[in-house]
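From first to last, the protein sequence lines stand for chains A and B.
Each residue of the first sequence is one higher than the one before, counting from 172 in the working numbering.
Each residue of the second sequence is one higher than the one before, counting from 14 in the working numbering.
Idealized CB from N, CA, C, for every residue including glycine.
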Amino acid sequence: MSRTSQDLMELMARWNREFVALAQAWMQLGAQGFAIIVSSAPDAPVFAYPADLKAERWALEIPFPLQHFKGLRLCIQQIDPDKRDAVMRLIEACVPVFTTGIDREFELDTMTKEVVHYQDLVVALYELNSALSRPLSLTEMLDVLLEHVCRLTGAMGGVALLETSQVIFQTLHVDVQMEQITPCFQILKGTKSKLNSIRTDGTSLLCLPLVMPEHHPNIGGMIGLISSAPLGSPQIKLAKAILQQAGTQVQNILHFEERVYQARMQTELDLARAVQIRLLPAGTITLAGLDISGESRAAYEVGGDFFDYFTASDVPFMFALGDVSGKGLSAALVMTMARTAIRSAATSGTSPLTIMQMVSNNLYDDLTDLDKLTTVVIGKADAEQRCITFANAGHAPVVYAAPDAPATLLEADAPPLGVMPNYDGENHTIELSPDGILIIATDGFVEAENAAGEMFGYTRFLETIDFIKMLSAEQIRKTLYDTVSEFRGVTSPQTDDQTIIVIKRVSRAETV
Amino acid sequence: MDMNVIANDNVRIIRLSGRFDAFETPATNKWFETNVSATESRIVVDLSGVNFLDSAALASLVKGMKRCREHGGDLVLCNFQQSVRIIFELTGLNKAFKITDNEEAALKAF
Numbered sequence: 172m173s174r175t176s177q178d179l180m181e182l183m184a185r186w187n188r189e190f191v192a193l194a195q196a197w198m199q200l201g202a203q204g205f206a207i208i209v210s211s212a213p214d215a216p217v218f219a220y221p222a223d224l225k226a227e228r229w230a231l232e233i234p235f236p237l238q239h240f241k242g243l244r245l246c247i248q249q250i251d252p253d254k255r256d257a258v259m260r261l262i263e264a265c266v267p268v269f270t271t272g273i274d275r276e277f278e279l280d281t282m283t284k285e286v287v288h289y290q291d292l293v294v295a296l297y298e299l300n301s302a303l304s305r306p307l308s309l310t311e312m313l314d315v316l317l318e319h320v321c322r323l324t325g326a327m328g329g330v331a332l333l334e335t336s337q338v339i340f341q342t343l344h345v346d347v348q349m350e351q352i353t354p355c356f357q358i359l360k361g362t363k364s365k366l367n368s369i370r371t372d373g374t375s376l377l378c379l380p381l382v383m384p385e386h387h388p389n390i391g392g393m394i395g396l397i398s399s400a401p402l403g404s405p406q407i408k409l410a411k412a413i414l415q416q417a418g419t420q421v422q423n424i425l426h427f428e429e430r431v432y433q434a435r436m437q438t439e440l441d442l443a444r445a446v447q448i449r450l451l452p453a454g455t456i457t458l459a460g461l462d463i464s465g466e467s468r469a470a471y472e473v474g475g476d477f478f479d480y481f482t483a484s485d486v487p488f489m490f491a492l493g494d495v496s497g498k499g500l501s502a503a504l505v506m507t508m509a510r511t512a513i514r515s516a517a518t519s520g521t522s523p524l525t526i527m528q529m530v531s532n533n534l535y536d537d538l539t540d541l542d543k544l545t546t547v548v549i550g551k552a553d554a555e556q557r558c559i560t561f562a563n564a565g566h567a568p569v570v571y572a573a574p575d576a577p578a579t580l581l582e583a584d585a586p587p588l589g590v591m592p593n594y595d596g597e598n599h600t601i602e603l604s605p606d607g608i609l610i611i612a613t614d615g616f617v618e619a620e621n622a623a624g625e626m627f628g629y630t631r632f633l634e635t636i637d638f639i640k641m642l643s644a645e646q647i648r649k650t651l652y653d654t655v656s657e658f659r660g661v662t663s664p665q666t667d668d669q670t671i672i673v674i675k676r677v678s679r680a681e682t683v
Numbered sequence: 014m015d016m017n018v019i020a021n022d023n024v025r026i027i028r029l030s031g032r033f034d035a036f037e038t039p040a041t042n043k044w045f046e047t048n049v050s051a052t053e054s055r056i057v058v059d060l061s062g063v064n065f066l067d068s069a070a071l072a073s074l075v076k077g078m079k080r081c082r083e084h085g086g087d088l089v090l091c092n093f094q095q096s097v098r099i100i101f102e103l104t105g106l107n108k109a110f111k112i113t114d115n116e117e118a119a120l121k122a123f
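What follows is the structure, encoded as structure tokens:
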């Protein structure tokens, strides 16, 4: 039974009592039967009195004109000829009253249904809005979206596809593979268009994109709605509006996930920084005859520079300083590896050259695999703490400054570790004159730039050392940091790690 | 930084100019990864137009040099400005690379 016929039957059933009263009135006037029929199906009256009335020849058959249901006729059986005029007058009086009443009731009924329908849409939209306002994962959000869009548009089911750093594919009440939908997605991605198609089983597929407020080539999504007949314009308009809101929601979720990820990474980096700081020795130490101060400042949370002291009471003072190429986490991991290799080799108590050769052999393969280099200076004081013997793998600047002579740069005699399979540098010994200083810094000092793009450079570095070399090791260290920082200016952030060791031979020996 | 590559018989000449630093090394590293092979392992890098290079640039050149040598070739540097020469001398890298005064000499260095 079509919906219209069903509506008519329901309507007639509601008017049954009135029709019965009318039929009984006619029966009193001599009629034998009364019926309302549809002309296309005269044998199946929509109302009959008595209920078991057989459709035979009607004595009277006139139109029963309803606005929304065509072809209805009012039929009366066997009328007393004497009362025919009275019956006709009654009919003329009653039919307009009945048809008008039925028409108005049907319209009211239709309007009520529409109000209920739109009320349901409003409730569904509210539920969708509430659901999307909750902190959902992308998968949960797509589930909610698909369910509500199908419900609101009357689609029998659908699919949702979202591409971010991962691809999420969801289905609801339909058996569709992602490969079947991907071509539509590729067409719609980045557009506001819609794509209609008829599937092999005769159902309609309407594909609509998720419209993102911020366009991003690697982020996109769509919904595919499957229905027995193509969706109408109001449903498409509604679905488009929902998908626009959903696109905003997807980006909000992505931003939220990004913030969570960044917060987690920041926590990890803070932890890594804490570990790295713990690996550095105390900043300033004073040994018999030597005043030593060192510091490392990473440009980011963690850095690739390192320095280390070895101050066991029964062996001469040793130190190491290095700079791993690159910055940030990858350099920091290699830095930890290099520091461990140096520390392990240094326990042998041999010369800096031997330690450097051992470290070079240990690190070469790993540095090659990682495309990293590391400059390293390893030094050792003699028993009297007057001379420093050191080996230098590609490190600069290394500066010696005697009180009575200009500061000079000491060139490395071998490239950084990781360049050549074998370290072929030499041990170099420098005798520190009283108040003479050896400074080993990383290129973060000399390559610091100001806002004009000008570098601090080696010349300024040497001039600054000459100007402050009468100070203590700690004061020299602090002044060099301050001077470079001042040169860079407040608008230029530190972009490279800065690490320094200042070793000064003190005229008056002190022991700690 | 500008990067121009010229094929010269079985040698590629890379002419670099400008500032060669960490912002530029992804491009040079990528070039070495993509182009250096058993049949293309002889490279001349002409640094005549480079007035500054940092540790990342040095690492990139070392990467190229090691990759060439792994494949039986070499990476030869030439045409240093004074500032670049100082950096190579200070870091001992002048001992790791073949360095010549000009491209002509570099092509004969293989």
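Just how far apart, CA to CA, sit residue i and residue j?
| i | j | result |
| --- | --- | --- |
| R435 of chain A | E428 of chain A | 10 Å |
| T650 of chain A | G550 of chain A | 23 Å |
| R228 of chain A | T271 of chain A | 28 Å |
| Y594 of chain A | V677 of chain A | 33 Å |
| I608 of chain A | F638 of chain A | 13 Å |
| E83 of chain B | Q669 of chain A | 34 Å |
| T494 of chain A | T613 of chain A | The sequence shown places Asp at residue 494 of chain A, not Thr. So the alpha carbons of these two residues sit roughly 7 Å apart. |
| I242 of chain A | I262 of chain A | The residue you asked about is not Ile; residue 242 of chain A is Gly in the sequence shown. Each residue's Cα considered, the two are about 18 Å apart. |
| K363 of chain A | G373 of chain A | 26 Å |
| V547 of chain A | Q415 of chain A | 58 Å |
| A680 of chain A | F488 of chain A | Below a pLDDT of 50, predicted positions are generally treated as unreliable, and A680 of chain A, at 45, falls in that range; no measurement from the model is reported. |
| L296 of chain A | P213 of chain A | 46 Å |
| R692 of chain A | T342 of chain A | Here chain A has residues from 172 to 683 only, and residue 692 of chain A is not among them. |
| S30 of chain B | K43 of chain B | 18 Å |
| T682 of chain A | D537 of chain A | Model confidence at T682 of chain A stands at a pLDDT of 41, short of 50, so the residue's coordinates are unreliable and nothing is read from them. |
| V446 of chain A | D584 of chain A | 33 Å |
| V617 of chain A | E46 of chain B | 31 Å |
Using only alpha-carbon positions, find the residue among the options that is nearest to residue i.
| i | options | result |
| --- | --- | --- |
| Q195 of chain A | A:G418, A:I247 and A:R185 | A:I247 |
| V330 of chain A | A:L323, A:D314 and A:S336 | A:D314 |
| A623 of chain A | A:T662, A:V431 and A:D575 | A:T662 |
| T600 of chain A | A:A470, A:V617 and A:F561 | A:F561 |
| I526 of chain A | A:K543, A:A564 and A:D540 | A:A564 |
| S375 of chain A | A:L504, A:N389 and A:A326 | A:A326 |
| S531 of chain A | A:S519, A:P587, A:Y480 and A:S522 | A:P587 |
| S336 of chain A | A:E285, A:K284 and A:G392 | A:G392 |
| A226 of chain A | A:T175, A:I208, A:S522 and A:A552 | A:I208 |
| E117 of chain B | B:N17, B:D15 and B:I26 | B:I26 |
Starting from residue i, trace the beta strand (DSSP E) in both directions and tell me its first and last residue.
| i | result |
| --- | --- |
| D87 of chain B | D87 to C91 |
| L224 of chain A | Per DSSP, L224 of chain A belongs to no beta strand (DSSP E) and is neither H nor E. |
| H426 of chain A | From DSSP, H426 of chain A is part of no beta strand (DSSP E) but of the alpha helix (DSSP H) over S404 to L450. |
| S61 of chain B | R55 to L66 |
| N17 of chain B | D15 to N21 |
| Q341 of chain A | V338 to L343 |
| L332 of chain A | G328 to E334 |
| L524 of chain A | Segment P523 to D540 is the alpha helix (DSSP H) holding L524 of chain A; no beta strand (DSSP E) there. |
Counting only the same chain and skipping the five closest in sequence on each side, list residues whose C-beta sits under 7 Å from that of residue i.
| i | result |
| --- | --- |
| N23 of chain B | R55 |
| T113 of chain B | V89, C91, A119 and A122 |
| I250 of chain A | G201, A202, A230, L231 and V258 |
| S173 of chain A | Low per-residue confidence applies at S173 of chain A: pLDDT is 46, beneath 50, and the placement is therefore not dependable, though the value from the model is reported in the following sentence. Answer for S173 of chain A: no residue qualifies. |
| G105 of chain B | none |
Excluding sequence positions up to five away, which residues of its chain have a Cβ less than 8 Å from the Cβ of residue i?
| i | result |
| --- | --- |
| I339 of chain A | L309, T310, L313, A331, L332 and L333 |
| A644 of chain A | T455, D462, I463, S464, I608, V673, I674 and K675 |
| V191 of chain A | Y220 |
| L323 of chain A | L292, A295, L296, L299, Q406, L409, A410 and I413 |
| Q422 of chain A | M383, P384, E385 and I390 |
Which first and last residues belong to the alpha helix (DSSP H) in which residue i is found?
| i | result |
| --- | --- |
| R188 of chain A | N187 to Q199 |
| T666 of chain A | Here T666 of chain A belongs to no alpha helix (DSSP H), and DSSP marks it neither H nor E. |
Going along the chain, which residues of its own chain have a beta-carbon closer than 6 Å to the beta-carbon of residue i, five neighbours each way excluded?
| i | result |
| --- | --- |
| A619 of chain A | F627, V655 and R659 |
| C558 of chain A | T600 and E602 |
Using a Cβ-based criterion (distance less than 7 Å to any ligand heavy atom), does residue i qualify as near the ligand NAD?
| i | result |
| --- | --- |
| K111 of chain B | The model depicted lacks the ligand NAD and carries no ligand whatsoever. |
Below 8 Å between beta carbons is the criterion; list the residues of the segment 573–586 of chain A that meet it against any residue of chain B, in chain order. Answer in chain order: L580, E582, A583, D584, A585 and P586.
Pull out every residue of the segment 552–567 of chain A whose Cβ sits closer than 8 Å to any Cβ of chain B, in chain order. Residues of the segment 552–567 of chain A whose Cβ lies closer than 8 Å to any Cβ of chain B, in chain order: N563, A564, G565, H566 and A567.
What residues in the segment 42–69 of chain B have a beta carbon less than 8 Å from any beta carbon of chain A? Those would be N42, F65, D67, S68 and A69, in chain order.
Can you give me, in chain order, the residues of the segment 605–620 of chain A that have a beta carbon less than 8 Å from any beta carbon in chain B? Residues of the segment 605–620 of chain A with a C-beta less than 8 Å from any C-beta of chain B: D614 and E618, listed in chain order.
Cβ-based contacts, 8 Å cut-off: residues of the segment 493–514 of chain A near chain B: Across the segment 493–514 of chain A, CB contacts with chain B closer than 8 Å involve D494, S496, G497 and K498, in sequence order along the chain.
Taking a cut of 8 Å between CB atoms, which residues from the segment 429–442 of chain A lie near chain B? Residues of the segment 429–442 of chain A with a C-beta atom less than 8 Å from some C-beta of chain B do not occur.
Give me the subset of the segment 93–112 of chain B whose CB atoms are less than 7 Å from a CB atom of chain A, sorted by chain position. For the segment 93–112 of chain B, the set of residues with a beta-carbon nearer than 7 Å to any beta-carbon of chain A comprises E102, L103, T104, G105, L106, K108 and A109, in chain order.
So if I threshold CB-CB distances at 8 Å, which residues from the segment 531–549 of chain A count as touching chain B? Considering only beta carbons, the part of the segment 531–549 of chain A lying closer than 8 Å to chain B consists of T539, D542, K543, L544 and T546, in chain order.
Chain-ordered residues of the segment 69–80 of chain B with a beta carbon less than 9 Å from chain A: If the cut-off is 9 Å between Cβ atoms, the segment 69–80 of chain B has A69, L71, A72, S73, V75, K76, M78 and K79 near chain A.
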